[in-house]
């Protein structure tokens, strides 16, 4: 209890809020079978892998498939606009980390593992808002290369309500949307 009081006071004096230090809320339930198929990255928080060291990833897609062993595989394809649209493909797998399927563990190369939480979800599975518990990474993916502006704004409002820096989110260019 004393630790909680000290943490709360530190947050007040450092300009943070207690709520911002708590992990973000996730949706209650995700039907993982409805996640299968190809998704377009509509927007993201800038991150080192996609936006750093001579990178600017465009035309990003993630394709989720059911593997023969029953697990879910994911293939992410992107093109680096700063390197002549050089194609990059990364394969990994996803598994649920909670009974509702809203907290996922994403693994690439058997070594790189990270938490990926579903913090927003369209009821018809037209778009999904995924982020890391640290709030450093956020992706808005959709079944189409572009979202209706009202849906886009709705998703970003959810991100902001969950403590993500929605003002820093940038649209991901998709040539298929032009």
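In UniProt numbering, the protein residues as written are 1 to 178.
C-beta atoms are modelled at their ideal positions from N, C-alpha and C, and glycine is treated no differently.
Spatial distance of residue i from residue j (CA atoms)
i: residue 82; j: residue 55; result: 6 Å
i: residue 42; j: residue 86; result: 19 Å
i: residue 25; j: residue 53; result: 32 Å
i: residue 162; j: residue 112; result: 25 Å
i: residue 33; j: residue 168; result: 31 Å
i: residue 157; j: residue 124; result: 18 Å
i: residue 110; j: residue 147; result: 33 Å
Close-in-space but distant-in-sequence residues of the same chain around residue i (CB under 7 Å, 5 per side omitted)
i: residue 143; result: 39 and 126
i: residue 90; result: 76 and 108
i: residue 67; result: 73
Per DSSP, the bridge partner or partners of residue i
i: residue 80; result: 57 and 86
i: residue 41; result: 141
i: residue 64; result: 37 and 74
i: residue 112; result: 108
i: residue 129; result: 120 and 140
Residue i burial status per 10 Å Cβ neighbour count (16 or more: buried)
i: residue 48; result: exposed
i: residue 76; result: buried
i: residue 50; result: buried
i: residue 159; result: buried
i: residue 150; result: exposed
i: residue 137; result: buried
i: residue 3; result: The pLDDT assigned to residue 3 is 45, lower than 50, so where the model puts this residue is not dependable; a value taken from the coordinates is nonetheless given after this. By the 10 Å Cβ count, residue 3 comes out exposed.
Integer Cβ distance of residue i from residue j, believed to fall under 8 Å
i: residue 131; j: residue 164; result: 6 Å
i: residue 45; j: residue 64; result: Rounded, the Cβ-Cβ distance is 21 Å, inconsistent with contact.
Any chain B beta carbon closer than 8 Å to residue i
i: residue 33; result: Looking for chain B here will not work: only one protein chain is present.
Residues near residue i by beta carbon distance below 6 Å, same chain, minus five either side
i: residue 78; result: 57, 60 and 88
i: residue 94; result: 72, 74, 104 and 106
Cutoff 8 Å; reference residue i; Cβ partners in own chain excluding five residues on either side
i: residue 27; result: 100, 102, 118, 119, 120 and 121
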